[in-house]
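Residue numbers (the UniProt record's numbering): 1 to 234.
Data first, discussion second: the structure below is written as structure tokens.
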Amino acid sequence: MTADPRGQPSEAPYVLGPLVQLVVGPKAYSVSVHESVLRPRSAFFDAALNKCWKEGREKKVTLPEEELRIVTLYVQQLYTGKIHVKKTTTREGLGRSDNLPEFLVLAELYLFGERVQDSIFKDTVTNAFAARILEPLGPDYSFPVTSALDILYKGTHDSSPIRRFMVDMYVRFGCEWWITCSPDDHNKDFLVEVSRALLKGRRTGVVWCSSSGKSMPKLVDFDMSVYHEKKDVK
């Protein structure tokens, strides 16, 4: 039987009212989104579109430093509730310490959510990280490493929930090859936080990665809400 495509009226986005034009990147690509969808989610856009500002009167916000693909994925999530990122289907060509392309996109998406102050979006991206981790590629599971962590740490504050999530993943499931022999491969703040977390001791019930790195991550035992800014994101 096919999936039921029907939904509750209360779940539908409110799409009446004017459109806002987001002017993205140095080439000034135009992305349109309903003001009624955008403003309730983002404190940044809500402030920018106040009618006392030029942007609010013209319904146009310029984002010259942003990437089109990131803004597009953000707007899609506003309407669908999903992160429409291309799923990685193989680790072919990737070394043990290489990121899946999906992790790099998710890291950039989280930072966009940080910049536009959208907690629901950031929490959804965190859930997408967890979903990617739980989905095996053949016999193996993949975790964010090196550059993906560096992206996150350079764009988030010390108490960011995504930082806690990444540290907990390393403490609970980490394998030695996640940390390369070159210190320059890693964000220094991340290494400090992981080291401190490990030295605090391992709680009862910690699940460790097998020597092959192929054990099933028991993320199903995690309460993901502790890594959310808004506790009602599923």
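Glycine is no exception: its CB is placed at the ideal position from the N, C-alpha and C atoms.
Taking only the alpha-carbon atoms, compute the straight-line gap between residue i and residue j and give it to the nearest angstrom.
{"i": "K60", "j": "R41", "result": "17 Å"}
{"i": "T88", "j": "E58", "result": "40 Å"}
{"i": "K230", "j": "D123", "result": "7 Å"}
{"i": "L199", "j": "P161", "result": "20 Å"}
{"i": "E11", "j": "I70", "result": "24 Å"}
{"i": "F143", "j": "P13", "result": "33 Å"}
{"i": "E135", "j": "K54", "result": "46 Å"}
{"i": "G155", "j": "D189", "result": "12 Å"}
{"i": "F16", "j": "G174", "result": "Note that residue 16 is Leu in the sequence shown here, rather than Phe. L16 and G174: Cα-Cα distance of roughly 48 Å."}
{"i": "P183", "j": "F44", "result": "36 Å"}
{"i": "V168", "j": "P5", "result": "The sequence given here has Asp at residue 168, not Val. Using only the alpha carbons, I get a separation of about 36 Å."}
{"i": "P139", "j": "L104", "result": "22 Å"}
{"i": "R39", "j": "A47", "result": "8 Å"}
{"i": "E170", "j": "I120", "result": "Note on residue identity: the sequence assigns Tyr, not Glu, to residue 170. Spanning the two alpha carbons is a distance of roughly 24 Å."}
{"i": "P18", "j": "K27", "result": "24 Å"}
{"i": "N187", "j": "P9", "result": "45 Å"}
{"i": "D223", "j": "C52", "result": "42 Å"}
{"i": "G213", "j": "I83", "result": "Caution is warranted here: a pLDDT of 43 is assigned to G213, below 50, making its placement in the model unreliable, and the coordinate value is therefore given only provisionally. Rounded to the nearest angstrom, the two C-alpha atoms are 27 Å apart."}
{"i": "G93", "j": "E108", "result": "22 Å"}
{"i": "D158", "j": "V116", "result": "18 Å"}
{"i": "T80", "j": "Y153", "result": "28 Å"}
In this structure, what does DSSP give as the bridge partners for residue i?
{"i": "H186", "result": "None; H186 has no bridge partner."}
{"i": "D140", "result": "L137"}
{"i": "V24", "result": "Y29, L63"}
{"i": "L19", "result": "H34"}
Using a threshold of 8 Å, state whether the C-beta atoms of residue i and residue j are closer than that.
{"i": "A130", "j": "L106", "result": "no"}
{"i": "T126", "j": "H228", "result": "yes"}
{"i": "V23", "j": "S30", "result": "yes"}
{"i": "D185", "j": "T146", "result": "yes"}
{"i": "E193", "j": "R172", "result": "no"}
{"i": "G56", "j": "L63", "result": "no"}
{"i": "R196", "j": "L137", "result": "no"}
{"i": "V85", "j": "E102", "result": "yes"}
{"i": "I133", "j": "Y141", "result": "yes"}
Since residue i and residue j should fall inside the 8 Å C-beta cutoff, what is the C-beta to C-beta distance between them, to a whole number of angstroms?
{"i": "M166", "j": "L191", "result": "About 12 Å separates the two Cβ atoms, so there is no contact after all."}
{"i": "V37", "j": "L78", "result": "5 Å"}
{"i": "G25", "j": "L68", "result": "6 Å"}
### Task
Report yes or no: do the segment 94-104 and the segment 177-196 share at least 3 C-beta pairs separated by less than 8 Å?
yes
### Query
Does the count of Cβ pairs from the segment 66-84 and the segment 98-114 closer than 8 Å reach three?
The segment 66-84 makes contact with the segment 98-114; the number of CB pairs closer than 8 Å reaches 3 or more.
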